[in-house]
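Q:
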Amino acid sequence: MHKFLLVMLVMGLVAWLTRDWLHELYQSRRINQNSVAIEAVKQELDLNTRDIMVLKERMARFEERLVLVEKRLAA
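Here it is as C-alpha cells:
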C-alpha cells in the first residue's frame, strides 16, 4: 500500500512539474510569435513611411511644375 501511495505521489509531482514546464514553454512560444509579428508590423510601417516620403517628394515636384505651367499660361 505504501509503495502505491509513493508511486502516486511521484506521478502527481511529475505531472505538476511537467504542467508548469509545458505552460512556460507555451508562454515563451507565444511571446516569440508575438515578437515576430511585431517585427513584421514594424517593417511594414517602415515601408509605408518610405512610400509616403516618396509620394510627398513627387507631390512637391508636381506642384513646382504646376507653378511653372501657371506662370507660362499667365504670360
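So that you can map any letter, position 70 of the sequence shown is 69 in numbering that gives the first Met the number 0, and since no number is skipped, the others follow by simple counting. Ideal placement from N, C-alpha and C gives every residue a C-beta, glycine not left out. Remember, it's a predicted structure, so these values are computed and weren't measured experimentally.
Tell me the DSSP secondary structure of A74 in three-state form.
A: coil
Q: Using the three-state DSSP reduction, which class does M10 fall into: helix, strand or coil?
A: helix
Q: Identify whether M58 lies in helix, strand or coil by the three-state DSSP scheme.
A: helix
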